[in-house]
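K.L.:
Residue numbers (the working numbering): 345 to 506.
Glycine residues also receive a C-beta, built at the ideal position from the N, C-alpha and C atoms.
Being a predicted model, the structure only gives us computed values, none of them experimental.
#1: Just to confirm the assignment: which complete beta strand (DSSP E) runs, minimum length 3, are found wholly within the segment 420-499?
#2: If residue 495 and residue 437 are in contact, beta carbons under 8 Å, what's the gap, nearest whole angstrom?
#3: Going by C-alpha distance, which of 441, 404 and 425 is nearest residue 479?
#4: Measure the alpha-carbon distance for residue 505 versus residue 403 and round it to whole angstroms.
#5: Using the C-alpha atoms, what's the distance from residue 367 back to residue 394?
#6: So, using beta-carbon positions, are residue 428 and residue 418 closer together than 8 Å?
#7: Report the residue from 487, 465 and 455 whose alpha carbon sits nearest the alpha carbon of residue 473.
#8: If you draw a straight line from the C-alpha of residue 426 to the C-alpha of residue 432, how long is it?
#9: For residue 500 and residue 439, what's the separation of their Cα atoms in angstroms?
#10: Using C-beta distances below 6 Å, list every residue in its chain close to residue 422, excluding the 5 sequence neighbours before and after it, in chain order.
#11: Return the chain-ordered ranges of every beta strand (DSSP E) run that is complete within the segment 364-411 and spans a minimum of 3 residues.
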């Protein structure tokens, strides 16, 4: 009898822990532009962060237009099913990008293992080119992140509001 009760309590604990909401340690409102050949969003939103993931929500007229959750292994977008980071890059961005590209953009970190980073004040810029594959201008300056790939017509801009 004691064994059944213990097993039941353990199972109940797993059930409730799986349903628990995620704790985010950082939250910022931001003006977000997310333009790719397949998606175009530009409006105010929120960026929620913790160690394991980032959640981005873009709103228009008080309604959530797009939700994007980036975890260690996958990307979930409100209009698409969850998929691995490489698959997301192939479907939405560019298959040649490293799998952590989107996460690093929203975290304001260097891309492509820091290739071509130039320090500027409290931020940095990067110019990353691979002939006929991508031509990226990336900057993280003054609470603003700008990612432009002119070959693949991708523009992601995050202007954090403090």
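P.N.:
On the basis of the data shown:
#1: 461-464, 467-474, 478-485 and 488-493
#2: Not really, about 12 Å apart at Cβ, beyond 8 Å.
#3: If we check each option's Cα against that of residue 479, 441 comes out closest.
#4: 15 Å
#5: Distance from the CA of residue 394 to the CA of residue 367, rounded to the nearest whole angstrom, comes to 7 Å.
#6: Against a cut-off of 8 Å, the Cβ pair of residue 418 and residue 428 comes out as a contact.
#7: 455
#8: 9 Å
#9: Their backbone Cα atoms lie some 17 Å apart in a straight line.
#10: 410 and 411
#11: 370-379, 384-393 and 398-404
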